[in-house]
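The next block holds one structure in the form of structure tokens; read it before the comments.
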Amino acid sequence: MALSLSDDEYAAVQAAAAPVHPLQRGAFLQALAKELEPYSEIGPGLVHRLCADLQKRYGVTAHSETSHTAERHRARQAGG
56 MALSLSDDEY AAVQAAAAPV HPLQRGAFLQ ALAKELEPYS EIGPGLVHRL CADLQKRYGV
116 TAHSETSHTA ERHRARQAGG
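Using the numbering used here, count along the sequence shown one by one with no gaps and you end on 135.
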């Protein structure tokens, strides 16, 4: 069965997939499609919840963790 998402749901999936490493993105999207298969009705809440769960499996860290890591990296690059 083909997966049908609204424009908003599709945009949410794209946003959720963006921080996933490019080499893992296809697997992330396939896993999401598999998670959505059993549902006859798909809504934005379900898409968001499943994406959030999958991001944890695919190593996406919370924004605050990512920003701290980036700050440390920039400091090292600057010699500080």
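The C-beta atom is built at its ideal place from N, Cα and C for all residues, glycine as well.
As the structure is a prediction and not an experimental result, all values here were calculated from the model.
Check: Status (buried if at least 16 other CB within 10 Å, exposed otherwise) for Ala-72; Outcome: buried
Check: Buried versus exposed call for Glu-92 [16 or more other C-beta atoms within 10 Å across all chains shown]; Outcome: exposed
Check: Boundaries of the alpha helix (DSSP H) in which Ala-88 is found, first to last residue; Outcome: 77–91
Check: CB of Leu-101 within 8 Å of CB of Tyr-94, strictly; Outcome: yes
Check: Contacts around Cys-106, its chain only, beta-carbon distance under 6 Å, and the 5 residues preceding and following it disregarded; Outcome: Ala-71
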